[in-house]
Structure formats: C-alpha cells, structure tokens
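All remarks here apply to the structure that follows.
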Amino acid sequence: MEPKAYKISVAIPPEYKDRLMDAVNGSMQKIYPGYDRAFSISKTTGTWRSLEGSDPFIGKAGEISVEDELRIEFDIMAEDLKDVVLAIRKVHPYEEPAIDILPMVLWKDVIVL
Numbered sequence: 001m002e003p004k005a006y007k008i009s010v011a012i013p014p015e016y017k018d019r020l021m022d023a024v025n026g027s028m029q030k031i032y033p034g035y036d037r038a039f040s041i042s043k044t045t046g047t048w049r050s051l052e053g054s055d056p057f058i059g060k061a062g063e064i065s066v067e068d069e070l071r072i073e074f075d076i077m078a079e080d081l082k083d084v085v086l087a088i089r090k091v092h093p094y095e096e097p098a099i100d101i102l103p104m105v106l107w108k109d110v111i112v113l
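For what it's worth, the working numbering labels the leading residue of the sequence shown as 1, then goes sequentially.
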C-alpha cells in the first residue's frame with residue numbers, strides 16, 4: 001500500500017528558515033483544510049566533516065564542523081513529494097542537505113469522522 005502522505009524533516013541554517021518554509025508552502029497543496037504554512041521548528045546541532053572534493057557551505061575539507069541549525073518538520077500529500085524535494089533543494093544552501101522522508105498515516109484515516 002502506497003502512503004497517502006509523508007512527514008518531511010530538514011536541517012537548515014537558521015537564516016534560511018523563512019526561505020525554506022515559503023518555498024515548501026508554495027510547492028504543495030494544503031494538507032490541513034483552512035491552514036497553510038504549517039511547520040514545526042526545533043533547535044538542533046549538526047556536525048559533519050567535509051571530505052576532499054566537497055564544496056561545503058560551512059567549514060573546510062578535512063575539518064569537523066559543529067553548527068547551530070533548525071530542524072523544520074511538516075506533512076505533505078504523497079503527490080507533492082517530488083515538487084517539495086525540488087523546492088527544498090533549490091533554496092537549501094548545503095551541498096548535501098539532510099532531508100528525511102517518512103511515510104505517515106493521516107490521523108483522519110484512523111478515526112471515523
């Protein structure tokens with residue numbers, strides 16, 4: 001059974017928060033009737049080492065970076081997945097953005113309205 005919806009989670013530098021949310025909101029249908037721009041935001045710390053041949057937005061090849069980031073989570077309908085990922089990729093500053101894509105069950109599908 002194919003999922004009807006996905007939960008997306010993206011780590012991003014704080015100064016890119018609004019750009020990301022605007023891009024995502026403009027690339028998807030409204031999953032919650034009567035609402036748009038529905039996101040959950042939490043502070044997090046990202047760490048990585050850029051390897052030779054990479055072109056990091058932050059840090060230098062061979063060095064470990066530890067940076068304050070925001071984790072932005074939101075829900076989308078399955079048919080919007082490709083457009084949303086492309087929108088994230090377009091505005092995200094990282095060479096390799098951390099994008100988690102998880103299938104989800106819509107709460108309205110669990111209960112009888």
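Just so it is clear, CB atoms sit at the ideal spot from N, CA and C, and this is done for glycine as well.
Residue burial annotation: Glu52 is exposed, with fewer than 16 other C-beta atoms found within 10 angstroms of its C-beta.
Here Lys7 is bridged, per DSSP, to Asp75 and Leu102.
Your pair Ala23 and Met77 does not check out as a contact, with CB atoms roughly 17 Å apart and the cut at 8 Å. Per the DSSP secondary-structure output, Ile111 pairs with nothing in a beta bridge. Taking C-alpha positions only, Leu86 is separated from Pro13 by approximately 18 Å.
Counting only runs of 4 or more residues that sit fully inside the stretch 14-56, the alpha helix (DSSP H) segments are 17-25, in chain order.
Under the 10 Å beta carbon count, Leu70 is surrounded by 16 or more other beta carbons and is classified as buried.
Around Asp100, the same chain offers Ser9 as residues with beta carbons nearer than 6 Å, after the five sequence neighbours per side are excluded.
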